Amino acid sequence: MLKETYLDTNVLLSPFHAGDSFASESLRILRTRRIYKVTSPVTLVELCATVSRLRREGTLAFEKQIEESLNRLGPSEQVYALALFFLSFGSVKVIGMDTVAKAPFDDLSFATLLEFMEACRIAPLTLLRSLDNVHIAAVKVMKRQGRTIDYLVTCDKGILGRREELRRTVDVPVLSPAELVETVRV
Numbered sequence: 008m009l010k011e012t013y014l015d016t017n018v019l020l021s022p023f024h025a026g027d028s029f030a031s032e033s034l035r036i037l038r039t040r041r042i043y044k045v046t047s048p049v050t051l052v053e054l055c056a057t058v059s060r061l062r063r064e065g066t067l068a069f070e071k072q073i074e075e076s077l078n079r080l081g082p083s084e085q086v087y088a089l090a091l092f093f094l095s096f097g098s099v100k101v102i103g104m105d106t107v108a109k110a111p112f113d114d115l116s117f118a119t120l121l122e123f124m125e126a127c128r129i130a131p132l133t134l135l136r137s138l139d140n141v142h143i144a145a146v147k148v149m150k151r152q153g154r155t156i157d158y159l160v161t162c163d164k165g166i167l168g169r170r171e172e173l174r175r176t177v178d179v180p181v182l183s184p185a186e187l188v189e190t191v192r193v
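According to our numbering, the sequence shown is numbered sequentially starting from 8.
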């Protein structure tokens with residue numbers, strides 16, 4: 008049975024970002040069929056934002072033929088095409104959670120996605136950045152909704168540095184790409 012593995016955005020970008028320390032392991036993860044790769048909609052947002060920034064900086068470049076094809080598109084279309092490419096290249100499934108929750112703040116009441124409420128709840132425990140908390144919350148909500156997430160894989164040093172606390176929070180091992188490659192023998 009395939010291990011269901013939640014991939015942080017940086018794992019999708021790592022093989023294409025010059026000098027990334029996890030590039031070869033991330034590429035092996037994206038190419039393998041030995042794990043079932045999932046992520047959440049926040050990854051799509053991060054992909055669009057990061058791809059936009061890296062393209063402007065010139066640190067996310069492709070072969071000449073691909074660049075020529077991309078240059079025929081407008082800036083927004085380039086970003087969308089690349090975001091879809093990164094997801095499809097690794098056969099990564101975006102798992103949306105259609106569950107909405109009511110925010111339980113005293114004088115502030117609104118409906119929002121459950122993973123956002125969970126991110127607010129775990130923020131004081133994890134001490135991570137906003138989008139990192141949303142990734143952690145997404146894994147937690149996916150598990151609560153019946154998915155079997157076997158691993159959470161990230162290149163993020165902040166997340167990896169808090170892996171033990173996060174494992175207790177989400178009950179999922181938090182691994183670097185190198186650790187997943189070794190664990191699953193990709």
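Where is the CB? At the ideal position from N, CA and C, for every residue including glycine. Keep in mind it's a predicted model, so treat the numbers as computed, not measured.
Under the three-state reduction of DSSP, residue 99 is assigned to coil, being neither helix nor strand. Ranked by Cα distance from residue 193, the first of 15, 37, 13 is 37. Counting of Cβ neighbours within 10 angstroms places residue 12 among the buried residues, the total reaching 16 or more. Under the Cβ criterion (8 Å, minimum of three pairs), the region 113-120 does not count as touching the region 79-95. If you check the CB distance, residue 66 and residue 30 do not come in under 8 Å. Burial state of residue 110 is exposed, judged by a 10 Å Cβ sphere holding fewer than 16 other Cβ atoms. Within the same chain, and ignoring the five residues on either side of residue 147 in sequence, the residues whose Cβ sits closer than 6 Å to its Cβ are 125, 177.
The beta carbons of residue 145 and residue 172 sit no closer together than 8 Å.
One thing to note: residue 150 has its Cβ no nearer than 8 Å to the Cβ of residue 143. Residue environment analysis places residue 22 among the buried positions, since at least 16 neighbouring C-beta atoms fall within 10 angstroms of its C-beta.
Excluding sequence positions up to five before and after residue 49, its CB lies within less than 7 Å of the CB of 138, 141, 142, 145, all in the same chain and listed in chain order. Using a Cβ distance threshold of 8 Å, residue 165 and residue 135 count as a contacting pair.
Taken through DSSP and simplified to helix, strand or coil, residue 179 comes out as coil. Residue 101 is positioned such that its CB atom lies closer than 8 Å to that of residue 94. Secondary structure of residue 12 (DSSP, three-state): strand. Per DSSP, reduced to three states, the secondary structure at residue 80 is coil, with no helix or strand assignment. When C-alpha distances from residue 14 are compared across 119, 54, 8, the shortest belongs to 54.
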